[in-house]
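If you use the numbering used here, the sequence shown corresponds to residues 5 to 405, in order.
Positions of the beta carbon are idealized from the N, C-alpha and C atoms, including for glycine.
All values reported here derive from a predicted model rather than from experimental measurement.
Accompanying notes for the structure given below.
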Amino acid sequence: MLGLTFSRKRRTNTADRLRIGLFTDSFPPIINGVSIVLSNLHEELLAQGQDAHVFTFGSQESARPNVWVTRGVPLGSSSFHSALMLDRPSSLVARTLSVFHINDPFNIALVALRMAKHLDRPIVFTNHTRHDLYLEERWSSVLRPMLKLYVEAQMTYMMRASHLITAPSYSALRWMQSLLPEVAHRMRVVHNGIALQRFEQLPSDALRREQLGISAEATIFGYVGRVVPEKNLEVFAEALVCAVQQGADAHWIVIGDGSSRAELAAITARIADRVHLLGKVPNEALPRYIPLFDVFGMPSLSDTNPLSVTEAMACRKPFLGVRADWWEEYPNYQQAGVLAENNPADLAAAIVWFCQNEAARRQMGECAYQISRHFDIRNVAAEWIDLYNQLVERHTLTQAS
5 MLGLTFSRKR RTNTADRLRI GLFTDSFPPI INGVSIVLSN LHEELLAQGQ DAHVFTFGSQ
65 ESARPNVWVT RGVPLGSSSF HSALMLDRPS SLVARTLSVF HINDPFNIAL VALRMAKHLD
125 RPIVFTNHTR HDLYLEERWS SVLRPMLKLY VEAQMTYMMR ASHLITAPSY SALRWMQSLL
185 PEVAHRMRVV HNGIALQRFE QLPSDALRRE QLGISAEATI FGYVGRVVPE KNLEVFAEAL
245 VCAVQQGADA HWIVIGDGSS RAELAAITAR IADRVHLLGK VPNEALPRYI PLFDVFGMPS
305 LSDTNPLSVT EAMACRKPFL GVRADWWEEY PNYQQAGVLA ENNPADLAAA IVWFCQNEAA
365 RRQMGECAYQ ISRHFDIRNV AAEWIDLYNQ LVERHTLTQA S
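Here it is in structure tokens:
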């Protein structure tokens with residue numbers, strides 16, 4: 005990520021003002037990592053004086069400014085919708101865009117790409133997800149080969165057509181380069197950003213230990229995110245049971261919901277009084293919950309640059325994770341937490357260690373806080389504005405020649 009100095013005054017100059025289109029299948033009220041990333045980015049682009057618009061498919065209009073929702077058909081039992089084209093109000097705005105920024109390679113991406121090509125507008129494609137790893141974790145060996153071919157075809161189609169291709173992590177970028185090495189020169193990493201100021205002050209209504217029946221001496225491990233198989237939470241649950249059986253005074257708070265919730269409850273049934281499955285919490289309420297954690301537990305193998313980890317770091321929380329490529333996105337991450345092998349025994353040993361070393365936890369938490377400063381949404385948005393401007397300028401010169 006570029007080392008940019010944030011300057012809101014410069015960014016409100018009308019000469020720099022672009023009309024930016026962010027196309028996504030994931031945007032609130034859908035809540036996942038991509039929707040929150042793009043919600044943060046859209047809000048900050050507007051704050052920095054850009055004419056930024058979000059285009060998505062859904063079931064109802066959005067009350068947020070510059071968010072255009074085309075009513076679509078629900079995709080099965082999911083929260084996602086699909087449509088063959090943008091509706092008329094969305095289409096009229098999209099035709100005036102300076103740049104099309106397409107996020108992930110499915111559904112609305114194809115609609116946006118078709119329109120951008122027709123209008124001869126510069127195209128940014130951001131792939132947020134390690135689809136290769138998700139296929140390994142979520143689909144059976146029977147379906148996996150067919151789905152792999154489909155995903156790779158969609159990815160290569162989008163990348164070949166785009167003028168700038170980005171990923172939020174170097175591990176994702178390497179996978180994308182392996183799919184289409186001939187356009188690797190158009191690829192780069194732009195990390196996800198968070199609104200750091202949301203986590204600077206402890207809210208007056210922050211959740212307290214006693215509200216959950218947790219003693220002052222216990223060590224609280226926390227998780228925020230979807231409770232689904234690809235997050236590898238079952239391994240962490242087994243490790244927690246092992247650690248408690250070894251004498252660790254540990255509790256686990258899980259914020260989020262999903263298909264793995266029942267399995268987590270079953271695994272931890274023997275220590276149910278130490279496990280707090282709180283379900284979904286509105287994103288804006290997270291600053292009430294994360295400060296309660298002592299350690300942020302993130303056992304996922306397939307994430308890219310998860311906001312939840314950065315948010316926990318901004319609250320001075322060290323992390324406990326399993327070894328995975330995506331941790332390298334965090335500079336000096338070795339000083340801010342512990343990475344264990346992906347097995348219950350190794351994770352259990354780390355849980356016991358954190359319970360016994362409060363001073364080390366606090367020191368790691370300070371290192372984590374410093375790392376979080378690299379992911380300020382104000383600087384990330386400023387980087388995007390620079391990239392959009394460069395892309396539009398190059399595209400204009402190409403058209404003129």
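Asked                                                                                                                                                                                   : Found
Please confirm if the stretch 215-231 is in contact with the stretch 250-270, defined as three or more CB-CB distances below 8 Å between the two stretches.                             : yes
Where does ARG320 land, buried or exposed, given buried means 16+ other C-beta within 10 angstroms?                                                                                     : buried
My guess is that ILE127 and HIS167 are in contact by the Cβ rule of under 8 Å, so how many angstroms apart are they, rounded?                                                           : 5 Å
Pull up the distance between the alpha-carbon of LEU6 and that of ALA171, whole angstroms please.                                                                                       : Bear in mind that the predicted position of LEU6 carries a pLDDT of just 36, short of 50, making it unreliable; the figure below should be weighed with that in mind. Whole-angstrom Cα-Cα distance: 14 Å.
So within the stretch 215-266, which uninterrupted beta strand (DSSP E) runs reach at least 3 residues, ignoring any that extend past its ends?                                         : 223-228, 254-259
Can you tell me whether DSSP reads ASP390 as helix, strand or coil?                                                                                                                     : helix
Could you check whether the stretch 380-394 touches the stretch 44-62, counting it as contact only if at least three pairs of C-beta atoms, one from each stretch, sit closer than 8 Å? : yes
Which runs of the beta strand (DSSP E) spanning at least 3 residues fall entirely within the stretch 80-105, listed in chain order?                                                     : none
Go through its chain and collect everything with a Cβ distance to THR60's Cβ below 7 Å, but skip five positions before and after it.                                                    : THR28, ASP29, PHE31, VAL73, ILE112
Could you tell me how far apart the beta carbons of ILE375 and ALA328 are, in whole angstroms, since I believe they sit closer than 8 Å?                                                : Actually they do not touch by this definition, with Cβ atoms about 17 Å apart.
Are the CB atoms of VAL248 and ILE275 nearer to each other than 7 Å?                                                                                                                    : yes
May I ask you to report which of helix, strand or coil DSSP gives PHE110?                                                                                                               : coil
Helix, strand or coil: which one does DSSP assign to THR28?                                                                                                                             : coil
Have a look at ILE35, ALA56, LEU139, SER39 and flag the residue whose alpha-carbon is nearest the alpha-carbon of ILE389.                                                               : ALA56
Following the continuous beta strand (DSSP E) through PHE300, name the residue where it begins and the one where it ends.                                                               : 299-302
Buried or exposed for GLN360, going by 16 or more other Cβ atoms inside 10 Å?                                                                                                           : exposed
Look at PRO303 and MET368 and say whether their C-beta atoms are less than 7 Å apart.                                                                                                   : no
What residues in its chain sit with their C-beta under 8 Å from that of GLU156, if we drop five residues either side in the sequence?                                                   : LEU183
Is it the case that the Cβ atoms of LEU177 and MET163 are separated by a distance below 7 Å?                                                                                            : no
On the CB-based measure, 16 or more other CB atoms within 10 Å of its CB, does GLN64 come out buried or exposed?                                                                        : exposed
What would DSSP say about ARG21, mapped onto helix, strand or coil?                                                                                                                     : coil
With respect to the alpha helix (DSSP H) encompassing THR160, which residues constitute its N-terminal and C-terminal limits?                                                           : 148-165
Tell me the rounded alpha-carbon separation between PRO93 and ALA120.                                                                                                                   : 17 Å
Determine the direct distance from the alpha carbon of LEU22 to that of GLU397, and round the result to whole angstroms.                                                                : 11 Å
Hey, LEU351 and ALA243: beta-carbon distance below 7 Å or not?                                                                                                                          : yes
Out of curiosity, what's the CA-to-CA distance linking GLN205 and LEU401?                                                                                                               : 47 Å
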